[in-house]
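Colleague:
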Amino acid sequence: MGFCPVPHTFRDQVWLCVGAAVGLSAGYLAVRRLYSSKSSTLKSRSPIVIQDASRVLETSERFIDEYVGVPSTKDSQISFAKVVVKSECGEIPQTPAFDELLYVLKGVILVSCQAPFSGKGKALSQNIELKATQGEILSLPKGFRYTISFPDSCEYIAVCLPAFTPALAGR
Numbered sequence: 007m008g009f010c011p012v013p014h015t016f017r018d019q020v021w022l023c024v025g026a027a028v029g030l031s032a033g034y035l036a037v038r039r040l041y042s043s044k045s046s047t048l049k050s051r052s053p054i055v056i057q058d059a060s061r062v063l064e065t066s067e068r069f070i071d072e073y074v075g076v077p078s079t080k081d082s083q084i085s086f087a088k089v090v091v092k093s094e095c096g097e098i099p100q101t102p103a104f105d106e107l108l109y110v111l112k113g114v115i116l117v118s119c120q121a122p123f124s125g126k127g128k129a130l131s132q133n134i135e136l137k138a139t140q141g142e143i144l145s146l147p148k149g150f151r152y153t154i155s156f157p158d159s160c161e162y163i164a165v166c167l168p169a170f171t172p173a174l175a176g177r
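Here the sequence shown stands for residues 7 to 177, where the numbers follow the working numbering.
1. Whose CA, out of F16, R177, C95, K112, lies closest to the CA of F104?
2. Secondary structure at Y41, three-state DSSP: helix, strand or coil?
3. Mark G141 as exposed unless 16 or more other C-beta atoms lie within 10 angstroms of its C-beta, in which case mark it buried.
4. Between which residues of its own chain and V165 is the CB-CB distance below 6 Å, once the five residues before and five after are set aside?
5. Is DSSP giving F170 helix, strand or coil here?
6. Helix or strand or just coil, what does DSSP make of F86?
7. Does F104 come out as helix, strand or coil in the three-state DSSP assignment?
8. To the nearest angstrom, how far is it from the Cα of F16 to the Cα of Q132?
9. Would you mind working out which of T171, T153, D158 sits nearest P99, comparing C-alpha positions?
10. Would you decide whether L63 is buried or exposed? Buried here means 16 or more other CB atoms lie within 10 Å of its CB.
11. State the start and end residues of the unbroken alpha helix (DSSP H) segment that holds T79.
12. In angstroms with no decimal places, state the Cα-to-Cα distance between S52 and P157.
13. In chain order, what residues of the same chain have a beta carbon less than 7 Å from the beta carbon of A175, not counting five sequence neighbours either side?
14. Who are the near neighbours of A59 in its chain, counting only those whose CB is closer than 8 Å to its CB and skipping five residues on each side?
15. At the level of alpha carbons, what is the spacing between I84 and A121?
16. List the whole-angstrom C-beta distance separating G113 from C160, where the pair is believed to meet the contact cut-off of C-beta under 8 Å.
17. So, with DSSP's three-state summary, where would you put F16?
18. Applying the 10 Å Cβ sphere with the 16-neighbour rule, what's the burial state of L111?
Below is the structure:
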C-alpha cells in the first residue's frame, strides 16, 4: 500500500491547517522582525560600511570603541569592539550571559575561569587559567566566571554573542 500525502480524514485536514497557520505566522514574524523600522543598522537590506565607532568606555587605563552593538548600531544580537589597554590592569570578575571571543592584536591577555556549578553545588570541571598573545583568540563561553587581567599594554577585538550589555555582563 503506497503513501498518500493528501489528508483524507477531517482530523488530518484540521492538523494540516493548524500546521500551515503556525508556519505562516512564524514566517511573518521573522520577516517583520527583519524589516522592522526599529531594527539595527546591520539588518538593513543593502551592504554598508560602518566607519565610526562609539566610545563606550574611557578611563586612564583603557578605552573601548564599539563598532557594532547596542549603543553604536542598536544591534542586540552581536557586538564588535576594539579595546585598547594602556597599562597593567584587570577587570572585575564577571559571569556573562553571552559568548565572547577576544582576538589579541598586541600584548597579552590572562584569564582565570571558574567552572560553572551543577545543581548540586559541584563544579562541572576544574578551574582554567588561559594566556593569549598576539594573533591568538580566546573563546569564553557564557556561564563561566571570568577574571581578565592585562600584565601590560594590550589591544584586542572583542566579539560578544548576543551583544554586550551591562545587564548581561554578570558583574
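Even for Gly, the Cβ is constructed at its ideal location relative to N, Cα and C.
Modeller: From the atom records:
1. R177
2. Low confidence applies to Y41: its pLDDT is 46, below 50, so where it sits in the model is not reliable, and the reading given next is rough at best. Three-state DSSP puts Y41 in coil, outside helix and strand.
3. exposed
4. F86, L107
5. coil
6. Strand at F86.
7. coil
8. 57 Å
9. T153
10. exposed
11. Residues 76-79.
12. 42 Å
13. Q100, P102
14. Same-chain partners within the cutoff: D71, E72, Y73, S78, A87, K88.
15. 24 Å
16. 3 Å
17. Judged by DSSP in its simplified three-state form, F16 adopts helix.
18. exposed
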